Amino acid sequence: MYCFGRYLVACLGGEERTLEFMEREGRATFKTPLLHHSSHCGIVNHPFPLKYFLKPWKLGPRFYQIVKFGIVQYMIIKSFTAILAVILEAFGVYCEGEFKVGCG
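UniProt numbering applies: residue 1 is where the sequence shown begins, and numbers increase by one.
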């Protein structure tokens with residue numbers, strides 16, 4: 001996931017050019033939005049039901065920072081849960097695909 005995120009940034013010309021692109025998209029008004037059906041004038045709306053709890057995000061440095069943080073957070077949580085699954089499997093309490101009280 002991290003490598004894919006870095007690849008996308010590299011394809012856009014690096015972090016500075018990515019931020020410039022987001023700021024330019026945020027200021028401009030286009031007939032075709034950057035994200036189809038979910039953005040308008042540089043504002044990214046959240047899908048249901050998150051749109052009722054979170055404010056829309058504006059494209060720019062803050063949005064880019066949130067995306068980078070989300071990627072790192074995903075990597076940490078994914079690694080932790082994989083290690084936890086291996087430990088639970090070793091103790092015989094990991095039941096993949098089953099939702100039971102005695103299974104981790």
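Ideal placement from N, C-alpha and C gives every residue a C-beta, glycine not left out.
Keep in mind the model is a prediction, meaning the values are calculated, not measured.
Assign residue i to buried or exposed, taking buried as 16 or more other Cβ atoms, counted over all protein chains shown, within 10 Å of its Cβ.
i: Leu8; result: exposed
i: Leu59; result: buried
Quick one: grab the DSSP three-state call for residue i.
i: Lys68; result: helix
i: Lys100; result: coil
i: Val86; result: helix
i: Cys11; result: helix
i: Cys95; result: coil
i: Phe4; result: helix
i: Phe21; result: helix
Are the C-beta of residue i and some C-beta of chain B separated by less than 8 Å?
i: Val101; result: Going by chain labels, chain B is absent from the structure shown, which holds only one protein chain.
Would you mind giving the Cβ-Cβ distance between residue i and residue j, rounded to the nearest angstrom? I have them listed as a contact below 8 Å.
i: Met22; j: Phe63; result: 6 Å
i: Pro56; j: Ile43; result: 5 Å
i: Leu12; j: Pro61; result: Not really, about 14 Å apart at Cβ, beyond 8 Å.
How about residue i: is its Cβ closer than 7 Å to a heavy atom in the ligand GTP?
i: Leu88; result: The ligand GTP is not part of the structure shown, which contains no ligands of any sort.
Please go through the same chain and pick out, in chain order, the residues whose beta-carbon is closer than 7 Å to the beta-carbon of residue i, but skip the five residues on each side of it.
i: Cys95; result: Cys103
i: Ala85; result: Tyr94
Sort out for me which residues DSSP pairs residue i with in a bridge.
i: Lys58; result: Ile43
Return the chain-ordered list of same chain residues with a C-beta closer than 8 Å to the C-beta of residue i, the five sequence neighbours on each side being excluded.
i: Tyr2; result: Ile71, Val72 and Met75
i: Tyr52; result: none
By Cβ distance below 6 Å, which residues in the same chain neighbour residue i in space, the five residues on each side in sequence not counted?
i: Gly97; result: none
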